[in-house]
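Trainee: What follows is a single structure, and I will ask about it in a moment.
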Amino acid sequence: MLAAPIIEFAQRDGTHLAYQSAGDGPLEIVYVAGSFATTLAWEEPAYSKGFRRLASFSRLVTYDQRGMGYSDPLNQSAVPTLDDLVADLAAVIEAAGVKAPVLFGTHNGGAVAAAYAASHPVPRLILCNTWARLSVADDYRIGYRDQILDELEERYRSEWGQGRIVDWFATPRVDMSPRRFEMASTSPNQAATLFRMNRDYDIRHLLPSITTPTLVIHLKDNPNVPPSFGKYVAESIPGAQLVLVPGKDQIFLRNYAFPVIDEVERFVTGNLTLFVDRITTTMLFTDIVDSTPLAATLRDQAWSGLIDEHNDRVRRQIHAHGGDEVKCTGDGFLVMFDDPAAAIRCARAAMESVGDLGLGLRAGVHPGEVTRMGKSDVSGLAVHFAQRLCGMAGEGQVLTSAAAVEQCDDTGVSFTDQGSATLKGIPGEWQIFEADA
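Mapping to this note's numbering: the sequence shown position 358 is 358, numbers consecutive.
Rendered as structure tokens:
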């Protein structure tokens, strides 16, 4: 499994700011997300795929704004100003060793990135789905009335943690848990405080002083921060380009990452490269032995209840052993692991957990490269290899490849050589091993 980048910390005036780095440059992009926990986003397939795409042509640095994710909480009695957030960004840039930051700001992070660019030399500035000011004014008729902003602030306080805010900002997906994301990101009071902070700033006076080449991207059907906000920003920065991308999400990474990042890559490199989301992982495939005749014997209602209990018990073991469930196949699971030893131990534990249900499991384990297709599926030879191994296994067996054995040195897992075999659809002869209990 592709692990999220290691979390490190920058410090400013006693405040710890969590940041991560991925990719090897030479272009350096600092992603300024604002009120959005990037450390958690790295753990969500849809979001992290966008980050991996950015890191494919740059060294990417992401960080949690104070009050979000793994960064220190807000001091409610001394809410940070925009100047504080700009200083936080500077601290992250210094701690990460970034020399020439291309700033990519989105949501309220756009104001932070723009304010930094107004006072520091940066090679490029990218702003997506952002604004100069949220509230209406006599000379800013596109803004929101205070009543609307008051109601939204109360929504943050009363609804944060239920998943409604994130789903309001981005089209829901069945492979994501917005409730988990909100609860792990920050508390309801901090979410409301962050929103109040965002609604109060006004950077209109700074925009004309930005001289760095700037790209403003906005999703053209965004109902929460309409394109008029982005158009105003682009018209206020000398020479800025405005691109309207088809789509409607405010949090663009969930469903529209690639169309937006296409524009980013063109802007910063002049080219558009083919991105293949290949990751190295270990695949575990499990299956209930003789499930079809057993289902026919038990009939639908009894079988359905048995399968539900099987799924619940096996999922507990998947979570306990650090697996990432790709999908349930009906009578088994396809799961990704960091290493073969964890996959083998999970398979053994799953077999023991369902023993009193009268179910016999078998499993196949193989490490290799796969192409991730959201959270609902992966493709690649490693998937087929693990599935073929599972199909060859008998009840209670965990069959593995030689590649899995090689990666299990000093793990305490032992193996019995089962000889060589051909696997359907996979050319050649392959050495097969049983992972012993």
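Glycine is no exception: its CB is placed at the ideal position from the N, C-alpha and C atoms.
This structure is a prediction, so every number in the text was calculated from the model and none was measured.
Measure the CB-CB distance between E369 and R266 and report whether it falls below 8 Å.
Mentor: Taking 8 Å as the Cβ cut-off, E369 and R266 do not qualify as a contacting pair.
Trainee: Can you check which of these residues, D167, P101, Y19, is closest to Y63 by C-alpha distance?
Mentor: Looking at the Cα atoms, Y19 is the closest of the given residues.
Trainee: Hey, could you find the ends of the beta strand (DSSP E) D377 is sitting in?
Mentor: Where D377 is concerned, the enclosing beta strand (DSSP E) stretches over 377 to 379.
Trainee: In this structure, does DSSP put P259 in helix, strand or coil?
Mentor: Of the three classes helix, strand and coil, the one that applies to P259 here is helix, per DSSP.
Trainee: Beta-carbon within less than 7 Å of V268's beta-carbon, same chain only, minus the 5 sequence neighbours each way: which residues are those?
Mentor: Cβ within range, chain order: L27, V102, R124.
Trainee: What is the DSSP secondary structure of W303, counted as helix, strand or coil?
Mentor: Of the three classes helix, strand and coil, the one that applies to W303 here is helix, per DSSP.
Trainee: Is the beta carbon of V61 less than 8 Å from the beta carbon of A96?
Mentor: In contact: V61 and A96 (Cβ atoms closer than 8 Å).
Trainee: Around the C-beta of R299, are 16 or more other C-beta atoms found within 10 angstroms, so that it is buried, or is it exposed?
Mentor: It is exposed - the Cβ of R299 has fewer than 16 other Cβ atoms within 10 Å.
Trainee: Tell me, please, whether the region 63 to 83 touches the region 25 to 45 by the rule of three or more beta-carbon pairs shorter than 8 Å.
Mentor: With a cut-off of 8 Å, the region 25 to 45 and the region 63 to 83 count as touching, because enough Cβ pairs lie within range.
Trainee: Should S185 go down as buried or exposed, given a rule of 16 or more other Cβ atoms within 10 Å for buried?
Mentor: With 16 or more other Cβ atoms within 10 Å, it is buried.
Trainee: List the DSSP bridge partners of M197.
Mentor: DSSP lists no partner for M197.
Trainee: For R316, does the three-state DSSP call read helix, strand or coil?
Mentor: Looking at R316 - three-state DSSP - the assignment turns out to be helix.
Trainee: Distance, Cα to Cα, M197 vs E94?
Mentor: Each residue's alpha carbon lies about 25 Å from the other.
Trainee: Could you say which of P367, E395, F258 lies nearest to G360 if we only look at CA atoms?
Mentor: Out of P367, E395, F258, E395 has the C-alpha closest to the C-alpha of G360.
Trainee: Going by other Cβ atoms of all chains shown within 10 Å of its Cβ, with 16 needed for buried, is E429 buried or exposed?
Mentor: Answer is exposed; the Cβ neighbour count stays below 16.
Trainee: Is the beta carbon of C408 closer than 8 Å to that of T286?
Mentor: Cβ distance not < 8 Å, so T286 and C408 don't count as in contact.
Trainee: For D377, collect the residues of the same chain with a Cβ closer than 7 Å to its Cβ; drop the 5 residues on either side in sequence, then sort them by chain order.
Mentor: Result list for D377: V326, K327, in chain order.
Trainee: Residues bridged to H16 by DSSP?
Mentor: Bridge partners of H16: Q11.
Trainee: Taking T212 as the reference, give the member of G109, L134, S236 with the closest Cα.
Mentor: With distances taken between Cα atoms, T212 lies closest to S236.
Trainee: On the three-state DSSP scale, how would you describe H218?
Mentor: The answer is strand: DSSP assigns H218 an E or B state.
Trainee: What are the boundary residues of the beta strand (DSSP E) that includes L125?
Mentor: From DSSP, the beta strand (DSSP E) with L125 extends over 125 to 128.
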